[in-house]
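Asker: My questions will all concern the structure given below.
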Amino acid sequence: MKRLLRTACLLLLTVSLIGLGACSKRASRKPLKTTSSLSTASIDSGVELDSRDPLFTAEGKMHSGETFKITTFNVRNFGTGGNFGWLFRDEFRQNTLREFVLTHLSDSDVIVFEEILAPDMLQESLNGLMKCHTYQDPEPKHLHVVLCHQPQYDFKPLASDPDFKLDSVKESYALDLKKTTDAAGVSEFSLEPSKTKDQSGKLLSARGRPALHGMLLDADGLILSYVIGVHLKSSPDGFYRRVAQAKEIAKDLKAVGSDIPVILLGDFNIYEGVAKLAALDREIQKLKSGIEANEKKIMDLQDDLKKNVLNNLTIEKEISDLSGKNQESALWIEKLDLDRTSDVVNRSDIDLMEDIFNRDYQLGLTRIKNDSSVTFKSPRYQNLFDHIWVSESLPVAGADQKAHVFERCADSGKKGIGRFFDELYYYQFISDHCPVTAELSIYGSRVNP
Numbered sequence: 005m006k007r008l009l010r011t012a013c014l015l016l017l018t019v020s021l022i023g024l025g026a027c028s029k030r031a032s033r034k035p036l037k038t039t040s041s042l043s044t045a046s047i048d049s050g051v052e053l054d055s056r057d058p059l060f061t062a063e064g065k066m067h068s069g070e071t072f073k074i075t076t077f078n079v080r081n082f083g084t085g086g087n088f089g090w091l092f093r094d095e096f097r098q099n100t101l102r103e104f105v106l107t108h109l110s111d112s113d114v115i116v117f118e119e120i121l122a123p124d125m126l127q128e129s130l131n132g133l134m135k136c137h138t139y140q141d142p143e144p145k146h147l148h149v150v151l152c153h154q155p156q157y158d159f160k161p162l163a164s165d166p167d168f169k170l171d172s173v174k175e176s177y178a179l180d181l182k183k184t185t186d187a188a189g190v191s192e193f194s195l196e197p198s199k200t201k202d203q204s205g206k207l208l209s210a211r212g213r214p215a216l217h218g219m220l221l222d223a224d225g226l227i228l229s230y231v232i233g234v235h236l237k238s239s240p241d242g243f244y245r246r247v248a249q250a251k252e253i254a255k256d257l258k259a260v261g262s263d264i265p266v267i268l269l270g271d272f273n274i275y276e277g278v279a280k281l282a283a284l285d286r287e288i289q290k291l292k293s294g295i296e297a298n299e300k301k302i303m304d305l306q307d308d309l310k311k312n313v314l315n316n317l318t319i320e321k322e323i324s325d326l327s328g329k330n331q332e333s334a335l336w337i338e339k340l341d342l343d344r345t346s347d348v349v350n351r352s353d354i355d356l357m358e359d360i361f362n363r364d365y366q367l368g369l370t371r372i373k374n375d376s377s378v379t380f381k382s383p384r385y386q387n388l389f390d391h392i393w394v395s396e397s398l399p400v401a402g403a404d405q406k407a408h409v410f411e412r413c414a415d416s417g418k419k420g421i422g423r424f425f426d427e428l429y430y431y432q433f434i435s436d437h438c439p440v441t442a443e444l445s446i447y448g449s450r451v452n453p
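Going by the numbering used here, the sequence shown opens with residue 5, and the numbers climb by one from there.
Below you can see the structure in the form of C-alpha cells.
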C-alpha cells in the first residue's frame, strides 16, 4: 500500500512539473513587460539655454586629448522582429543585439538608435549597460529615435521643448503644393506642411518621424553638446520632404545659437541625383495614370447621374473629389517637370543639406566622412544613409579624421571572425544598417559663461 501511495505521489509531482514547464514556455512567448527605466522627459527637467548657470562653466574640467565616442545605429524595425507588419511579441533579437553592443560598441559613450518600434524593449536589452531616452508618439506603431548613453552621462530636454521631440521635422513628412501667380504672370510654387487628412481623419504628417533633441551632460552636469538624432524620409522620391526636414533642423540649430557645440547624426536616407531623377519620372507617370483612371471614373459617374439614380448627391460629391485630385495631380506634374533640371533633383541630398546648413543658415557644421561608402546593406540593395555632423569645436580624433563603419559594410572587404560578420546572420539577427561611430575631441568644446 505504501508503495502505491509513493508511486501516486511521484506521478502527481511529475505532472505538476510538466505543467509548470508548459506554463513557463507559454509565458516566455508573451510580449515583454515594461520594467525598464526608459526616460521620456517631464516639463520640470528641461535645460534653460538663457540661464548661463553652472551648466555652462566647463573650463578646466577636461584635459587635453580627452575624447568621446558617439554612434548612430539603425536597427531595422526593432520591436517586431525586423518586419514592420509583425507583432511586438515576434521580436527575437534582444539577446543578440545586447551581445553585439557589448562586443562591438561597448566603448561608445552615446548611441543614437533609429527605427525603434519598442523603446522599452530596447532599454531592457541594454539594462545595466546604457540609459535610454526618447519621446512619446500617439501612433501605435512608430519608428522612434532613441538616445542611449553610458551611466556617467545624462540627456536633458530643453525647457522650451520638454519632450525631446522636434515636431517640425515630423510635420514636413507630408507637404502640400501651392502655386501663386503675380501680376506679371510669373508663377511660383511653394511647399508647406500638409493639412490633408487620411480616411481615418488623421493628418498625413502623423505618419512622419520627428527628430529627437536635447542636451548631453557629463558626470558633473555640464553641457557636452546639443544632440539631434534624425531618421529622415526614406526612398528616392522623398527628396522634397528631406530638404524640408533639413531646413527645420537648421532652424532649430540656429535658434539654439553658436555657443553650444552640436552633434547631428542619424539615418538621413541620402540619395544621389540619378536615383532621384528616375523616381521623379516614375512619379510623373504614376500621376498621369491616376488622372486617366479618375477621368474614366468621372465619365462613368456622369452616366449614372443621367439615369437619375437615388444617390445623386453621393455621386456628385465623388465626381467633385475626383476632379479635385486630378487638379492636384496636374499641379504636381507641372512642378515635377520644372524640377527635372533643378538642383533639388539632380544634386546629391548630402550636398543639398550641406548648402542648407552652412550656406543658407551658416551653422558651421562639418560632416565627418565615413571610412566606407556603404552603411546600409540588404540582400538586394546597398547605400550610404547614415552620417554624423559636428560643430567645428568638436574636432574628430584620430589620424584619418573619419567615422568608422562596422566592418560588415566595409569597402575593403576585410571582415572579422564571428557570426556578426556573416552577411545573412547579421541581416537576420541585427539589422540592414551598420553602426557608424565617430571619436570626438571634447577639450575646450563646452560653453564658458
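Glycine residues also receive a C-beta, built at the ideal position from the N, C-alpha and C atoms.
Only counting the same chain, and skipping five residues up and downstream in sequence, which positions put a Cβ closer than 6 Å to that of I434?
Answerer: The sequence position of residue 434 within the sequence shown is 430, counting from 1. So the list reads F104, once near-sequence residues are dropped.
Asker: Here's a check: name, in chain order, each residue in its chain whose Cβ is nearer than 6 Å to the Cβ of L220, leaving out the five neighbours to either side.
Answerer: In the sequence shown, residue 220 corresponds to position 216, counting from 1. F159, L228, S229 and V231.
Asker: Leaving out five residues before and five after D113 in sequence, what residues of the same chain have Cβ atoms less than 7 Å from its Cβ?
Answerer: Counting from one through the sequence shown, the residue named residue 113 turns up at place 109. Around D113: F72, K73, I74, H153, Q154 and Y157.
Asker: Return the chain-ordered list of same chain residues with a C-beta closer than 7 Å to the C-beta of P383, the five sequence neighbours on each side being excluded.
Answerer: Working through the sequence shown from its first residue, we reach residue 383 at position 379. Result list for P383: Y431, in chain order.
Asker: Is the beta carbon of V349 less than 8 Å from the beta carbon of L291?
Answerer: The residue labelled residue 349 in the question sits at position 345 within the sequence shown. The residue labelled residue 291 in the question sits at position 287 within the sequence shown. No, the pair does not count as a contact, with Cβ atoms beyond the cut-off.
Asker: Is the beta carbon of I392 sitting closer than 8 Å to the one on T185?
Answerer: Counting from one through the sequence shown, the residue named residue 392 turns up at place 388. Counting from one through the sequence shown, the residue named residue 185 turns up at place 181. The answer is no: Cβ separation not under 8 Å.
Asker: Could you check if E175 is buried or exposed, using at least 16 other CB atoms within 10 Å of its CB as the buried criterion?
Answerer: The residue labelled residue 175 in the question sits at position 171 within the sequence shown. Buried: at least 16 other Cβ atoms inside 10 Å.
Asker: For the structure I just gave you, are there three or more beta carbon pairs, one from the segment 290–305 and one from the segment 260–276, closer than 8 Å?
Answerer: The segment 290–305, when compared against the segment 260–276, does not touch it at the 8 Å Cβ threshold.
Asker: Which same chain residues, not among the five before or five after S129, have their C-beta less than 7 Å away from its C-beta?
Answerer: Indexing the sequence shown from 1 puts residue 129 at position 125. Q98, L101 and R102.
Asker: Would DSSP call P197 helix, strand or coil?
Answerer: By one-based count along the sequence shown, residue 197 stands at place 193. Three-state DSSP puts P197 in a strand.
Asker: Check whether the Cβ atoms of G205 and Y177 lie closer than 8 Å to each other.
Answerer: To locate residue 205, count along the sequence shown from 1; it is residue 201. To locate residue 177, count along the sequence shown from 1; it is residue 173. Not in contact: G205 and Y177 (Cβ atoms no closer than 8 Å).
Asker: Going by the beta-carbon positions, is the gap between L284 and K301 smaller than 8 Å?
Answerer: Counted from its first residue, the sequence shown places residue 284 at position 280. Counted from its first residue, the sequence shown places residue 301 at position 297. Not in contact: L284 and K301 (Cβ atoms no closer than 8 Å).
Asker: Of all the options A210, D426, S172 and K311, which has the alpha carbon lying nearest to the alpha carbon of V247?
Answerer: If you number the sequence shown from 1, residue 247 lands on position 243. The shortest Cα separation from V247 among A210, D426, S172 and K311 belongs to S172.
Asker: Short check: CB of D390 to CB of V440, under 8 Å?
Answerer: In the sequence shown, counting from the first residue as 1, residue 390 sits at position 386. In the sequence shown, counting from the first residue as 1, residue 440 sits at position 436. A contact, by the Cβ cut-off of 8 Å.
Asker: Quick one, which of E411, E443, E70 and G420 has its alpha-carbon nearest D436's?
Answerer: To locate residue 436, count along the sequence shown from 1; it is residue 432. Comparing Cα-Cα distances from D436 to each of E411, E443, E70 and G420, the minimum goes to E411.
Asker: Could you name the residues of the same chain whose beta carbon sits closer than 6 Å to that of A414, not counting the 5 residues immediately before and after it, in chain order?
Answerer: Here residue 414 refers to the residue found at position 410 when the sequence shown is read from its first residue. Closer than 6 Å at the Cβ level, and outside the excluded window around A414, lie S376.
Asker: Where does E119 fall in DSSP's three states?
Answerer: Taking the first residue of the sequence shown as 1, we reach residue 119 at position 115. In this structure, E119 counts as strand in the three-state DSSP scheme.
Asker: Between the C-alpha atoms of F96 and G225, what's the straight-line distance to the nearest angstrom?
Answerer: For the purposes of this step, residue 96 is identified with residue 92 of the sequence shown, where counting begins at 1. For the purposes of this step, residue 225 is identified with residue 221 of the sequence shown, where counting begins at 1. Rounded to the nearest angstrom, the two C-alpha atoms are 37 Å apart.
Asker: Could you work out which residue in E287, E443, Q306 and L257 is closest to S333 when comparing CA atoms only?
Answerer: Counting from 1 along the sequence shown, the entry for residue 333 is found at position 329. Of E287, E443, Q306 and L257, the residue nearest in Cα terms is E287.
Asker: Relative to the C-alpha of T370, which candidate in A442, T107, E320 and L195 has its C-alpha closest?
Answerer: The sequence position of residue 370 within the sequence shown is 366, counting from 1. Residue A442 is the option with its Cα nearest to T370.
Asker: For R245, does the count of other Cβ atoms within 10 angstroms reach 16, so buried, or fall short, so exposed?
Answerer: Numbered from its first residue, the sequence shown carries residue 245 at position 241. With 16 or more other Cβ atoms within 10 Å, it is buried.
Asker: Would you report the Cα separation of L388 and T379, rounded to the nearest angstrom?
Answerer: For the purposes of this step, residue 388 is taken as residue 384 along the sequence shown, with counting starting at 1. For the purposes of this step, residue 379 is taken as residue 375 along the sequence shown, with counting starting at 1. So the alpha carbons of these two residues sit roughly 5 Å apart.
Asker: Alpha carbon to alpha carbon, how far is R93 from G25? Give it in angstroms, no decimals.
Answerer: Counting from one through the sequence shown, the residue named residue 25 turns up at place 21. Counting from one through the sequence shown, the residue named residue 93 turns up at place 89. Residue placement at G25 is poorly supported in this model, since its pLDDT is 40, which falls under 50; the coordinates are not used for a value here.
Asker: Excluding the 5 residues preceding and the 5 following E427 in the sequence, name in chain order all residues of the same chain whose CB lies nearer than 6 Å to its CB.
Answerer: As a working note, residue 427 is residue 423 in the sequence shown. Within the same chain, E427 has no close Cβ partners at all.
Asker: In whole angstroms, what is the alpha-carbon distance linking N81 and G89?
Answerer: For this step, residue 81 is matched to residue 77 along the sequence shown. For this step, residue 89 is matched to residue 85 along the sequence shown. Looking at the two C-alpha atoms, the distance is approximately 9 Å.
Asker: Measure the CB-CB distance between A215 and L170 and report whether it falls below 8 Å.
Answerer: Translated into positions along the sequence shown, residue 215 becomes position 211. Translated into positions along the sequence shown, residue 170 becomes position 166. Taking 8 Å as the Cβ cut-off, A215 and L170 qualify as a contacting pair.
Asker: Can you tell me which of L106, G85, E70 and S43 puts its alpha carbon nearest to the alpha carbon of F424?
Answerer: The residue you call residue 424 lines up with position 420 of the sequence shown. Checking every option, the nearest Cα to that of F424 belongs to L106.
Asker: Counting Cβ pairs, one atom from each stretch, are 3 or more of them under 8 Å apart for the segment 111–126 and the segment 187–204?
Answerer: Output reads no: the segment 187–204 does not touch the segment 111–126.
Asker: Among residues of its own chain, excluding the 5 on either side of E118, which ones have a beta-carbon nearer than 6 Å to its beta-carbon?
Answerer: As a first step, residue 118 must be located in the sequence shown, where it is residue number 114. Only N78, V149, H235, G270 and D271 meet the Cβ criterion.
Asker: Could you give the distance in angstroms between the alpha-carbon of D353 and the alpha-carbon of E320?
Answerer: In the sequence shown, the residue the question calls residue 353 occupies position 349. In the sequence shown, the residue the question calls residue 320 occupies position 316. For D353 and E320, the distance between alpha carbons rounds to 43 Å.
Asker: From K201, A279 and P265, pick the residue whose C-alpha is nearest to that of S454; which is it?
Answerer: A question about residue 454 goes unanswered here, because the residues of the chain that appear run from 5 up to 453.
Asker: Output the boundary residues of the beta strand (DSSP E) element that contains N78.
Answerer: The residue given as residue 78 occupies position 74 in the sequence shown. Unbroken beta strand (DSSP E) run through N78: T71 to F82.
Asker: Tell me which residue opens and which closes the beta strand (DSSP E) that M219 is part of.
Answerer: For the purposes of this step, residue 219 is identified with residue 215 of the sequence shown, where counting begins at 1. Looking at the DSSP string, the run of the beta strand (DSSP E) that includes M219 is A215 to L221.
Asker: Here's a check: name, in chain order, each residue in its chain whose Cβ is nearer than 8 Å to the Cβ of C27, leaving out the five neighbours to either side.
Answerer: Counted from its first residue, the sequence shown places residue 27 at position 23. Bear in mind that a pLDDT of 38 at C27, under 50, signals an unreliable position, so the number given afterwards is only what the model happens to contain. So no residue of the chain qualifies.
Asker: Alpha carbons only, please: which of L121, D165 and L133 is nearest the one belonging to A259?
Answerer: For the purposes of this step, residue 259 is taken as residue 255 along the sequence shown, with counting starting at 1. Closest by alpha carbon: D165.
Asker: On a CA-only basis, which of K251, G132, H137 and L121 is nearest K145? Give me that one, please.
Answerer: Along the sequence shown, one-based indexing puts residue 145 at 141. For K145, the nearest C-alpha among the options comes from L121.
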